[in-house]
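Working notes, structure below.
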Amino acid sequence: MAQEQITLYTAKVCPYAQRTEIALAEAGAPFKRYEIDLGNKPEWYAPKVNRASKVPAIAYGGPDVAPENPSPESTKLAESLILVEFIGDLYPSSNILPADPVLRAKARFFVEIVSTKFSPNFMKFASGNPEGTHAALLTGVDAIQDILPDGAKYAVGDQYTIADIAFAPFWARLNLLVQKGIGAYKDEEGKSFLKALEDPKYAKFNGYVQRILARQSFKSTFHEVRPLLCR
Amino acid sequence: MSEQVTLYLHKLSPFSQKVELALIEANAPYRGYHVNLSDKPEWFTSKVNPVGKVPTLTYGGPRVDPEDPSSLSSKITESNVILEFLADVYPDSGLLPKDPVSRAKVRSFVDASTKQVEGPLYDFIRGLGSYEDLLKGIEFVQGLLEDGDFAVGDHYTIADACISPQLVRLKTITETDLGKFPVGLGFKLGEELKGSKFAKFTKYADQILERSSLKQTYDEVRIFPLPWW
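Residue numbers (the UniProt record's numbering), protein chains in the order written: chain A, 1 to 231; chain B, 1 to 229.
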């Protein structure tokens, strides 16, 4: 059980940052939450917390200071997936990492599929890139459905893991955009995507995304603000 | 009784090499099987990895001939996923440290070397990438290096395994200028890396390149052309 202080630098709009917030919620870990305005970042943020100037970032340990005044003594960590694993390591009781190494590898492989097959297409779609078609989005959906287990609640079984945490914020934002018809993509692409998902062949995927959106740690950390692309 | 480990690899693949290095450094018993990627055996795609890529690791199940893989073994793919798997299966090997902050630092190094060096380096060799991006990536990774013999901490970790294939190929292109980049840029890169700005990186690289695990996995003679490049 960690006794060191955790300060999380985050932003409501950002799906990467939400991953970390979900992990902390699953762990029930006490932490200080500091919202970074991505459109107007504080000048101390890059030099003192994260050189890359992105969220999420964690300042771990060191003296108990105000988030706006980070101490050089705390360890600074960044990259959402690394932070999620870090929280899993600090709080094994969170259960976000399967105990079995093979299942753990499955969870990490699922994360790879999200990162390589889903997220890039989502980003293109949301930013109005002409390559971001509903067909491109569906290749991501197919890739994920292909590795979802049959008859299980979540990505690698009935246990909620880093795999689900990695995917949920991205799915939620895509879902929000197309349901509300907002975003830079062409209207007919959004409609075609929604129509395609009505096909019974996507029953497994649809059941899965319903469950991850219903997870308490997801709901408590998702803010229905108009999604920005935070990268 | 330990489970069987079989690594399907390609001798020229830097991704396969990462995994082999981790196995050797962990003193893990394994069988390596070189897959002819230009004439893939049918059993490889049907029984080992439907995507047909290496490295693929099989774990557990009966001890069978690598050419007769069992459906009972677990199949693990993606080199960085396999590295984490090995750290989980050999928790006392030091491949990942035990404390959470050190583990995060090792992972940060793996992430940085994958995104900032591995990608740009292989693009550069294929004539698709920029010299400046590669140099920036090396500088970034240098900034993460600690002061000891290893990338992070005082033991060989998956961070060292991850960057080693890149160091080997950097050495080759800087010494031979072989690659699809403009003529002379390989030599130029070598000169820059010998400068004081990159002293820390070069010191680390020289050390890692001396490790016997590396010599076991790399045949300096056969480097180019690479079948899928």
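Glycine included, every Cβ here is placed at the ideal spot set by N, Cα and C.
It should be emphasised that the depicted structure is a prediction, and the values quoted were computed from it without experimental measurement.
C14/A versus G179/B - alpha carbon distance
40 Å
Could you pull the DSSP bridge partners for T174/B from this structure?
BP columns for T174/B are empty, so no partner.
Would you mind giving the Cβ-Cβ distance between V35/B and F44/B, rounded to the nearest angstrom? I have them listed as a contact below 8 Å.
6 Å
6 Å Cβ shell around G32/B - same chain, five flanking residues per side excluded
L7 and L9
What is the DSSP secondary structure of V19/B, reduced to helix, strand or coil?
helix
8 Å Cβ cutoff, E84/B in contact with chain A
yes
As assigned by DSSP and simplified to three states, the class of K124/A:
helix
Return the CA-CA distance between F181/B and K188/B, expressed in angstroms with no decimal places.
11 Å
So which residues of chain A does E78/B contact, with C-beta pairs closer than 8 Å?
R108, F109 and E112
Going by Cα to Cα distance, which pick from Y9/A, Q3/A, E188/A and E26/A is closest to K217/A?
Position check: residue 217/A holds Ser in this sequence, whereas Lys was assumed. Nearest of Y9/A, Q3/A, E188/A and E26/A to S217/A, Cα basis: E26/A.
Could you tell me which chain B residues have their CB closer than 7 Å to the CB of D89/A, listed as they occur along the chain?
P100 and R103
Of all the residues that make up the UniProt domain "GST C-terminal" (100-231) of chain A, which are near chain B by a beta-carbon distance shorter than 7 Å?
P101, V102, R104, A105, R108, F109 and E112
Counting pairs of Cβ atoms below 8 Å between the stretch 150-162 of chain A and the stretch 177-197 of chain A, do you hit three or more?
no
Option nearest V55/A by Cα separation, candidates E79/A, A152/A and H223/A
E79/A
Determine which residues of the stretch 13-45 of chain A have a Cβ less than 7 Å from any Cβ of chain B, and write them out in chain order.
none
6 Å CB neighbourhood of M1/A in its chain, flanking five on each side removed
Per-residue confidence for M1/A stands at a pLDDT of 48, beneath the threshold of 50, marking its modelled position as unreliable; no derived number is given.
Contact defined as beta carbons within less than 8 Å: I believe V168/B pairs with D177/B. What is the distance between those atoms, to the nearest angstrom?
In fact, because the Cβ distance is near 16 Å, the residues do not count as touching under 8 Å.
Neighbourhood of V111/A by C-beta, 7 Å cutoff - its chain only, sequence neighbours within 5 removed
L81, I162, A163 and A166
Which residues does DSSP list as the beta-bridge partners of Y60/A?
I6/A and T75/A
K41/A, DSSP secondary structure in three states:
coil
For the stretch 48-65 of chain B against the stretch 210-224 of chain A, do three or more pairs of beta-carbon atoms, one drawn from each stretch, fall closer than 8 Å, so that the two count as touching?
no
Straight-line CA distance for I6/A to D88/B?
25 Å
According to DSSP, is Y33/B part of a helix, a strand, or is it coil?
strand
In chain A, what lies closer than 9 Å to R169/B by C-beta?
Per Cβ cutoff of 9 Å: no residues; R169/B is ~23 Å from chain A at best.
Counting contacts by CB-CB distance shorter than 8 Å, is L8/A in contact with chain B?
no
CB V141/B to CB S108/B, shorter than 8 Å?
no
R104/A bridges to which residues according to DSSP?
DSSP lists no partner for R104/A.
Determine the extent of the beta strand (DSSP E) in which R63/B is found, giving its start and end residues.
That residue, R63/B, is in no beta strand (DSSP E); it is neither H nor E in DSSP.
Identify which residue in L209/B, P41/B and T157/B has its Cα closest to the Cα of S102/B.
T157/B
What are the uninterrupted segments assigned as alpha helix (DSSP H) that are 4 or more residues long and contained completely in the stretch 67-153 of chain B, given in chain order?
79-89, 100-112, 119-125 and 131-144
Does the CB of E68/A have a neighbour CB from chain B at under 8 Å?
no
Can you give me the start and stop residues for the alpha helix (DSSP H) that V178/A sits inside?
I162 to K180
Strictly below 7 Å CB to CB, what residues from chain B border S82/A?
Checking the displayed sequence, the identity of residue 82/A turns out to be Ile instead of Ser. In chain order: A104, R107, S108 and D111.
Tell me whether M1/A sits in a helix, a strand or coil according to DSSP, three-state version.
With a pLDDT of 48 at M1/A, under the threshold of 50, the modelled position of that residue is not reliable, and no figure is offered here.
Distance, Cα to Cα, G39/A vs N129/A?
21 Å
Roughly how far, in whole angstroms, is the beta-carbon of Y122/B from the beta-carbon of L185/B, given that I think they are within contact range, below 8 Å?
That belief does not hold up - the Cβ atoms of Y122/B and L185/B are roughly 15 Å apart, past 8 Å.
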